[in-house]
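Novice: In mature numbering (1 follows the signal peptide of the UniProt record, and there is no 0), the protein residues as written are -18 to -1, 1 to 254.
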């Protein structure tokens, strides 16, 4: 019926004597209970004293929204999960058009935009419970070891990291705000009598006590000579095109390493 009416409106525009258009923009928090009233049309359309006599319909089905069966001016929502509707977008919104038809001669068109606000409803999680790294005993002070961060589906939550260590530790934990990197920075020379450092990395978002934690092991490789010929990439620049955000493999880079037995460490640094 919706499509037929709008085709009728296009073909016979003079048959509609009154066509009023309204643009309404509202904001709602995600994870509202099912049946929550998100808008009362009477509050936004002064001339609509009641919905009696009006046929209220969505121009096309609108995700997670429905019209109240008893009070047609109430628009209610099913449970809205921002991370499900907009998994990759910073700004998340639903655009829904409704028409209120009293007769073929009188119609109101409502352009409704619903901004979905993020709430802290997810916990940060590490991909793994255990991480192991190999480090050369001859590391220089201020060496940076990049750590894998916990994943948090909540867009604007800020995660805080801390270390649980049981002995003297030559590194400090640092979060690089500019490049969004979580790092260990070497602040003291490695003790040649210590072959391994073990500790826990803890994450929370300042609203939960502990979201998650993982164990990290740093194995120190001894009798390694300083590499006078550092590894080089085959090319100075690489370009990868991502067609699907869910794909796990994006591309591959290769290096030329004259010291095959020496470990090679990689870091990704954001250019933005």
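Glycine included, each C-beta is placed from N, C-alpha and C at the ideal position. Owing to the predicted nature of the structure, the values given are computational and were not obtained by experimental measurement.
Measuring only the C-alpha atoms, how far is residue 221 from residue 238?
Specialist: In this structure, the alpha-carbon of residue 221 lies about 19 Å from that of residue 238.
Novice: In the DSSP assignment, find the alpha helix (DSSP H) that holds residue 26 and state where it starts and stops.
Specialist: From DSSP, the alpha helix (DSSP H) with residue 26 extends over 23 to 26.
Novice: When burial is assigned at 16 or more other CB atoms within 10 Å of the CB, is residue 59 buried or exposed?
Specialist: Label assigned to residue 59: buried.
Novice: Let me confirm a value: residue 236 is counted as buried when at least 16 other C-beta atoms fall within 10 Å, else exposed. Which label applies?
Specialist: exposed
Novice: Near residue 114, what residues of its chain come up, given a Cβ to Cβ distance below 6 Å and the 5 sequence neighbours on each side ignored?
Specialist: 199
Novice: For the alpha helix (DSSP H) containing residue 64, list its first residue and its last residue.
Specialist: 64 to 67
Novice: Between the Cα of residue 131 and those of 125, 146, 124 and 109, spot the shortest distance and give me the residue it belongs to.
Specialist: 109
Novice: Please report how far the alpha carbon of residue 194 lies from the alpha carbon of residue 118, in whole angstroms.
Specialist: 29 Å
Novice: Note the first and the last residue of the continuous beta strand (DSSP E) segment covering residue 185.
Specialist: 178 to 186
Novice: When DSSP labels each residue in this structure, what does residue 82 get in the three-state scheme?
Specialist: strand
Novice: Mind pulling the beta strand (DSSP E) runs of 3 or more residues that sit fully within the region 104 to 171?
Specialist: 112 to 118, 126 to 129, 142 to 146, 153 to 158 and 163 to 168
Novice: Output the distance between the C-alpha atoms of residue 54 and residue 48, rounded to the nearest integer angstrom.
Specialist: Distance between the alpha carbons of residue 54 and residue 48 is about 10 Å.
Novice: If you pair each beta-carbon of the region 34 to 44 with each one of the region 120 to 131, do three or more pairs fall below 8 Å?
Specialist: no
Novice: Suppose you measure from the CA of residue 100 to the CA of residue 116; what does that come to, to the nearest Å?
Specialist: 39 Å
Novice: Inspect the beta-carbon positions of residue 61 and residue 13 and report whether they are closer than 9 Å.
Specialist: Yes; because the gap between Cβ atoms is below 9 Å, this pair is in contact.
Novice: One question on the structure: do residue 255 and residue 5 come within less than 9 Å of each other, judged by their Cβ atoms?
Specialist: Lying before the first or after the last residue shown, residue 255 is absent from the chain, which here runs from -18 to 254.
Novice: Can you look up residue 18 in the DSSP assignment and give me helix, strand or coil?
Specialist: Judged by DSSP in its simplified three-state form, residue 18 adopts strand.
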